[in-house]
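The structure appears right after this line, and notes come after that.
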Amino acid sequence: MFRYYGKKQKSSIGSSTVPQNLNVEENNTLEINRDEVLSDPGLQRPIISFNVNIRDQIRREYICRGPCQPIGHNYPKKKKMGEDNRSFRDVWFEGRTWLEYSIAKDAAFCFYCYLFTRSNMDDSFVKSGYGNWRRATAKFADHVGNVNSWHNQARELFDNFQNQRQSVTRAFTTGKEVMDDQYRKRLTASLQVVRFLLRQCLPFRGDDEGSTSLNKGNFLELLDWLSANNEEVAKVVRTNAPGNAQMTSPNIQKQLTNACAIETTISILISDLGDRPFSVMVDESRDCSVKEQMAINIRYVDRRGYIIERFLAIVHVRDYICLGQGYDGASNMRGEFNGLKTLVLRENSSAHYIHCFAHQLQLVVVSVCQVNRWIDDFFAYTSMIINAFGSSCKRSDILRQAEHDRLVGLLESMEISSGIGLNQATSLCRPCDTRWGTHYTTICRLMDMWVSVLIVLQTIFDDGVVNARATSHSLIEKMETYDFVFIMILMRKLLGMTNALSNILLAKDQNIENAIHQMRIVKENLQELRESGWDILCIEVNAFCEKNSIPIIDMEAGRRRGSRQLRGSEIVTNYHFFRVEIFYEVVDMLSQEMNNRFPEKSTELLSCISCLSPRLSFISFDVDKLIHLAHQYPDDFTLTELPFIRQELQTYVQDLQKGVRFKDLDNLGL
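562 is the number of the first residue of the sequence shown in this note's numbering; add one for each residue after it.
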């Protein structure tokens, strides 16, 4: 029957004045589309074009936002009114709460008449907008008209809509003071439960919320617990509440959640942030429901000087043109001509682009591991070794037990010592380009568990299946070569330098001055390793080979560059191969990547900012660097102010360094 006749919709009458969430379903079939609720009156859909069942919700959303009055906007002067080019004026908003201005159409609209317009109403303030600024004030007065004008009737409807106590719905639902008091207690109890679940990041709903269910979900279970411990709440909730005012339905939960989100956002933007500058952080990914979700966060410095990050919203991205807009240092973001960095700098030359140093350092490691063919081959075999154990739980357990037995034997023979955090690694780590520090951890784990890995691989070769035996045998042969050991120890030494720097950059209490200093130290250490680190490296490699019975090659012996079967392939000595084609090439490549991604120009701005550090009585204070910093922000320092900055800074730092109250100051945010 329902194929020919649809179900009749039940009318929903709400009495809450809390702004409605545009993603909340008022009934079971209709949902408000947030993209259709626009702030610019020139782009808004007429109210009468919306479904009759959601018009009141649309009105509440617009009332919550208020009329569009862009005070301070640079109004265009495009229309010639007589002899002068005239434009809209901010002063016209004074005393006219109904007046709106459309930036898109450069026209004035009426807020009241838009919300409560009639189908036969033909007024420029409702449909096309009014744009004759020459006699605008007179036209405003004509639009308002007398007491019975359409505008005043719309204003009266607006006032009545805001005052829900005068509606028929309010008269029926809250006719008695006792019912009103019970309703308030019931709503407060549900709101307390919602706030607790939001603060703890807990889900609301349960799989079975029936009365006989053993677990009705966090919301209902917590409400029952609250009523069991509070007699006043127990008298008005659950079985003691009217069937049509339980305040526990999914829609009520969503509305209360939305109200909390609005109040939290207002508190962040007005009370905490105020008029201080802030930055916007946007990240987007696809969730399990195959929807592109964009998270919006803001980052700012509060009154106490602390860096604060606040999450604002998750927006479903319907316009897929904006995919890929991640300011992460990729070529399309930092491009010299059309990258996002360039586009932003065109709008604001003071918006300097500084890429995340920790991310840059990881890109250096990935580049070195991929460009050199011998290093790439080494990590390919390393991944195969890890896959040989990670693909089987049984092999992982055997490796873990073998490593445990080896450590016990070393402890008993006093070859290693025990202590907190020592000898705890009993599994291999997989190298990953997107996980910082994993390449270094992989090499360290492999070297620490070298004997156990070979024992398990030999066990697989002796007792495993055919395919596993072939793979394990080839891995054993590869691991027991001088080439593999040489590259392993070389990369452990190089990545050890970058890993220490990465940990410093990721530290939450790290300051800019120390980070730049440590970066310079790594560059100097790389140069020192290239000049005088070859002999020490060879000693470490030979010692490891002797300890694990791996043949040590003759450096003066020859070897072919390519395949042995390839005629005409060049023959070079092992010394030339390991020192020039691997050692020098990898160290030079790492140094070049460090210089390319961390040039002095990119750290210059941060070095200037670090001069403001108050540690040790402002010992880092450098007048020349701060003057250079002032030149980077021409909008904040005019040409007439720049000549006087040097003397002012010198006087300022002398006052700070001699002041007793600043002697023990360690941070400007404390």
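Cβ coordinates follow ideal geometry from the N, Cα and C atoms, glycine included.
Keep in mind it's a predicted model, so treat the numbers as computed, not measured.
Through-space distance from residue j to residue i, alpha-carbon basis
i	j	result
G1016	F1047	Contrary to the premise, residue 1016 reads as Ile rather than Gly in this sequence. When rounded, the distance between both Cα atoms is 21 Å.
T1199	F686	44 Å
T818	L873	13 Å
L960	S944	16 Å
Y867	E964	46 Å
P1236	W694	Residue 1236 lies beyond the residue range present for the chain, which begins at 562 and ends at 1231; the question has no answer from this structure.
P509	Y662	In the structure as shown, the chain starts at 562 and stops at 1231, and residue 509 therefore has no counterpart that could be examined.
R626	R606	16 Å
L1067	A919	7 Å
L1173	F1159	22 Å
A1191	H1078	23 Å
I1097	T825	60 Å
E586	N594	With a pLDDT of only 40 at E586, under the threshold of 50, the placement of this residue in the model should not be trusted; the figure read from the coordinates follows. Each residue's alpha carbon lies about 10 Å from the other.
Q854	G656	41 Å
L783	V755	10 Å
N1086	I664	58 Å
A789	T1003	54 Å
I869	L1217	27 Å
D601	P628	9 Å
S957	G951	6 Å
M1234	D768	There is no way to answer for residue 1234, as the model of the chain reaches only from 562 to 1231.
S1152	Q1088	8 Å
K746	A820	17 Å
A949	C930	21 Å
E793	R650	55 Å
R847	L763	21 Å
S1171	E1161	14 Å
L660	L904	35 Å
E908	I827	29 Å
T658	F839	30 Å
Residue i - partner residues in DSSP beta bridges
i	result
S846	Q854
H877	Q854
E870	R860
S1093	Answer is none; S1093 lacks a bridge partner.
S840	R860
Option in the options with minimal Cα separation from residue i
i	options	result
L787	F1138, S751, M1008 and E661	S751
M1116	E1107, K1108, S1110 and N1103	N1103
F765	D1185, P811 and F1139	P811
Q743	G778, S911 and N801	N801
L834	D848, R860 and G767	R860
C954	V932, L989 and I936	L989
K1039	S911, I1073, L1210 and W935	W935
S1110	T1042, A1061, Q1088 and R747	T1042
S1144	K1186, E1092 and F757	Residue 1144 is actually Phe in this sequence, not Ser. With distances taken between Cα atoms, F1144 lies closest to E1092.
G1119	K1108, E1107 and V1133	V1133
C674	V652, Q714, G692 and T809	Q714
C1099	D1044, A1061, E1146 and S1063	D1044
F1182	S1168, I875, F1205 and N858	S1168
E1083	W1095, F1105 and N1060	Sequence check: residue 1083 is Val here, not Glu. Selected option, being the one with the closest Cα: N1060.
I1180	D667, L1090, V1214 and D937	V1214
I915	E1165, L1210 and D1196	E1165
I624	I609, F677 and F1139	F677
F654	S689, I619, F701 and N858	F701
M1008	I947, C849 and V876	I947
V1148	M740, S710 and V925	V925
First through last residue of the alpha helix (DSSP H) which encompasses residue i
i	result
T1134	First-last for T1134: I1132 to T1134, but that is the beta strand (DSSP E), not the alpha helix (DSSP H).
G1119	From DSSP, G1119 is part of no alpha helix (DSSP H) but of the beta strand (DSSP E) over G1119 to R1121.
T1212	I1206 to K1219
Q807	Element bounds for Q807: n/a, residue is neither H nor E.
H920	F918 to V932
N1060	Y1043 to L1067
Y1001	T999 to D1009
M1155	E1146 to R1158
V705	A697 to V705
D742	E738 to Q761
R716	W711 to Q723
H1189	V1184 to H1192
T779	A quick correction: the sequence has Asn, not Thr, at residue 779. Element bounds for N779: N779 to A789.
G793	In the sequence as displayed, the identity of residue 793 is Glu instead of Gly. Note, E793: alpha helix (DSSP H), E792 to A795.
Start-to-end residues for the beta strand (DSSP E) that takes in residue i
i	result
G690	No beta strand (DSSP E) holds G690; DSSP gives it neither H nor E.
R864	Premise fails: R864 is in no beta strand (DSSP E) and is neither H nor E.
Length-filtered (4 minimum) alpha helix (DSSP H) runs lying within the stretch 650 to 685
672 to 676
Segments of 4+ residues assigned as alpha helix (DSSP H) that fall wholly inside the stretch 600 to 641
616 to 626
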